[in-house]
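> Using the working numbering, you'd call the opening residue of the sequence shown number 8 and step up by one each time. Idealized CB from N, CA, C, for every residue including glycine. Predicted model, so just to flag it, every value in this text is computed and none were measured.
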Amino acid sequence: MNNIKHYRKEMNFSQQELANKVEVTRQTISLIELGKYNPTIKLCISIAKALQVDLNKLFWEMSDNSEE
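#1: Which same chain residues end up closer than 7 Å to I36 when comparing Cβ atoms and leaving out the 5 residues on each side of it in sequence?
#2: Would I48 and I11 qualify as a contact pair, given that the criterion is a beta-carbon distance under 8 Å?
#3: Using only the alpha-carbon positions, how far apart do W67 and K16 sit?
#4: Label L62 either buried or exposed according to how many other C-beta atoms from any shown protein chain fall within 10 Å of its C-beta, with 16 as the threshold for buried.
#5: Would you kindly report the start and end of the unbroken alpha helix (DSSP H) that includes Y14?
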């Protein structure tokens, strides 16, 4: 799993807002959050920048709220 949903909510972004920032569809963000889609490293970096969070925290460290 990943922490995208956790950090997206911390930034008060909807899935659509994040999708617009990284130039993908809302469905892509949803699938990534659910762990059903493996994004490219380029997309991972774009998401991390949009959410202003370190790539490690976003994809490899588990947050306390990772089951949100």
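Checking against the coordinates, here is how it stands:
#1: Q22, L25, A26
#2: no
#3: 18 Å
#4: exposed
#5: 11 to 17
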